[in-house]
Each structure stands twice: as C-alpha cells, then as structure tokens.
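Visitor: I'd like to ask you about the structure that follows.
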Amino acid sequence: MKDHYFLERVTQNNVTVDILNIDTNDAAVHGASQVCCQCYGYRWKYTQAPGDTKDPCKNTVRGDQVCAGGDVEMYDKCMERIDSWAKASFDGATKDLMASTADFKIINTHYSPHFHMDPPHMQKWYDLTKTHQVHGWFNGHTHGFNHDVAKWNTHFFQNGAGGGIFSESATTVANNDQVKTTWVASGQPYGFLELSFTKSWMKVQFVSFDKTWDFKGFDFGDTTKGGVARGHCWFVPKVLDSPGVECKSSVNGVVGMPT
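What follows is the structure, encoded as structure tokens:
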C-alpha cells in the first residue's frame, strides 16, 4: 500500500474502474484496540508462564497492565493516530466518490463493516456505499470467502484466504436487516476473487485449485501443479437498480482445496 488512503483508476477497452483503497484499522474486531494494547507481547512479561494456555488478550481494555503496560497516554495517542487514518480514508473516499465518473466503483480494504465493526462504524460505511452507489466492497481479515448483498445493491465480498496462513470457514451475516448473505465458500479453501468488466457488468468469480493438484507436504518442489477451478460467480450491473444475477457457470458447492 502506497498510503493509508489512495484512489487508483484503471481504464481499458473504454471501461473505467475506480478502486478506493481505504484504511479501516479502527475496526472493533482485531483492530485499533489490539494494535494499541500490544497485549500479545505484554501478556508474557506481566502475567503468564509459558505453559499457561489462558488468553487474557480476549478481554483486555485500556488501562490494564497487559494493555500497553498500563500506559493510558501511550494507548490514547496510538488510538488517535489510527482514528485519524480512518477519518482521512472516509473523507478522501467521500470526496473522490462525489467526483467519480467511473463506470464501476469498488472499495478495497482489510475489514468488513458487518463482520468486524461496531454499529456506528458499520453504518457510516454503509451510508457511504449507498449514497455514492459503490458497486463492490472487498475485504480480507477473516481467512475465508463469502458474498453479501445490501438492500441498496452494493455487494460485499470477503476475500481473505489467498494463502500464507491457515484458511477457515466464513460465516453468514446475522442480526442485520440491511445486508444478507448470498454465498459462503464450502469447506476451507484457498483462492481469490477474479474480477472482469464490460461496459454494463462487473463479473466476480471465486477461483481456486482444481483436483489435479497434488500437495505432498510442505516442500513446494514435491508439488504436482494442476489447473484452475472456478466456483461462485455473480454479475453486478453498472446501474444498481437490481442486485444483478448469478452466472450460469456459478458453482456454490465445494471448489478448491483444502476442503
């Protein structure tokens, strides 16, 4: 990332896409408070023997000894800095979306509004995507894949298991009357979301390993390379007067590995 917020415009074949890269590290889940507490470092210094398996970092708060060593001034300054980056992202995105003439507008970030943020932060980003007709929101953090659609037809995609760490099953949206889940990847596959565009449609499709791959442990040299398997697929319209349509080629069952 070249900055905490930046706009990247891609134009090809007379189709223009604005990609707004935003900083959402003020998220409630594994966001600012964990960054500023640094509990996973302090826990061993103050409270735990190596054999102790309890996790005090799940519930630590400002002022705790395992939160920045109890230094509230340092913690507050850290939080202020992270909040300032998030505000700059929101302000920059608002300004650029108001001025955008792109055919498609997508947001790329680490966190999901409904899976990782508290209600006020979630609503702020919901309102922005609704007001400015954002076509897609792509985030990671959770090491899985899912596709959620808002009542105003913005599509929220979790794209979090590209490799390098364990994959896990994503979950459906719960207790939310604004966004509903359309698809959750079956099993715990690695992969990514593939985007392509025409003047009228944005196509989003899940891509993973096909069954011809053979992984013989952790030595890449022993791996038999295979091909590509494609799964869940959706067409998002340029004009967001409908949620779009699922591709005929879409596969919502098990695709990719590991499962």
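Just so we're on the same page, the working numbering is the position in the sequence shown counted from 1, plus 1115.
Yeah, the Cβ is synthetic: ideal placement off N, Cα and C, and Gly gets one too.
#1: Would you kindly work out how many angstroms separate the C-alpha atoms of Ser1323 and Gln1180, rounded to a whole number?
#2: Please report how far the alpha carbon of Tyr1155 lies from the alpha carbon of Ser1365, in whole angstroms.
#3: Give the straight-line distance between the Cα atoms of His1236 and Gly1341, rounded to the nearest whole angstrom.
#4: Is His1231 closer than 8 Å to Ala1142 when the C-beta atoms are compared?
#5: With distances taken Cα to Cα, identify the nearest neighbour of Lys1266 among Ile1222, Thr1246 and Val1294.
#6: Under 8 Å: do the stretch 1232 to 1251 and the stretch 1351 to 1361 share three or more Cβ pairs, one atom per stretch?
#7: Which of helix, strand or coil does DSSP assign to Gly1279?
#8: Compute the distance between the beta-carbons of Ser1215 and Ile1137, then report whether it is under 8 Å.
#9: When you compare only the Cα positions, how much space is there between Met1189 and Tyr1157?
#10: Give me the Cβ distance between Ala1276 and Val1299, rounded to the nearest whole Å; I'm assuming they're in contact under 8 Å.
#11: Run the CB neighbour count on Pro1234, radius 10 Å, all protein chains shown included, and call it buried at 16 or more, exposed below.
Guide: This is what the structure gives:
#1: The residue given as residue 1323 occupies position 208 in the sequence shown. The residue given as residue 1180 occupies position 65 in the sequence shown. Between Ser1323 and Gln1180, the C-alpha separation is close to 44 Å.
#2: Against the sequence shown, residue 1155 aligns to sequence position 40. Against the sequence shown, residue 1365 aligns to sequence position 250. About 41 Å.
#3: By 1-based counting over the sequence shown, the position of residue 1236 is 121. By 1-based counting over the sequence shown, the position of residue 1341 is 226. Those two C-alpha atoms are separated by around 42 Å.
#4: Position 27 of the sequence shown holds residue 1142. Position 116 of the sequence shown holds residue 1231. Yes, the pair counts as a contact, with Cβ atoms nearer than the cut-off.
#5: Translated into positions along the sequence shown, residue 1266 becomes position 151. Considering only alpha carbons, the answer is Val1294.
#6: Yes, the stretch 1232 to 1251 is in contact with the stretch 1351 to 1361.
#7: Taking the sequence shown and counting its residues from 1, one reaches residue 1279 at position 164. Residue state, collapsed to three classes: coil.
#8: Position 100 of the sequence shown holds residue 1215. Position 22 of the sequence shown holds residue 1137. No.
#9: The residue you call residue 1189 lines up with position 74 of the sequence shown. The residue you call residue 1157 lines up with position 42 of the sequence shown. A straight-line Cα-Cα distance of about 14 Å links Met1189 and Tyr1157.
#10: Mapped onto the sequence shown, residue 1276 falls at position 161. Mapped onto the sequence shown, residue 1299 falls at position 184. Actually they are not in contact, since the Cβ atoms of Ala1276 and Val1299 sit about 12 Å apart, beyond 8 Å.
#11: As a first step, residue 1234 must be located in the sequence shown, where it is residue number 119. Result: exposed.
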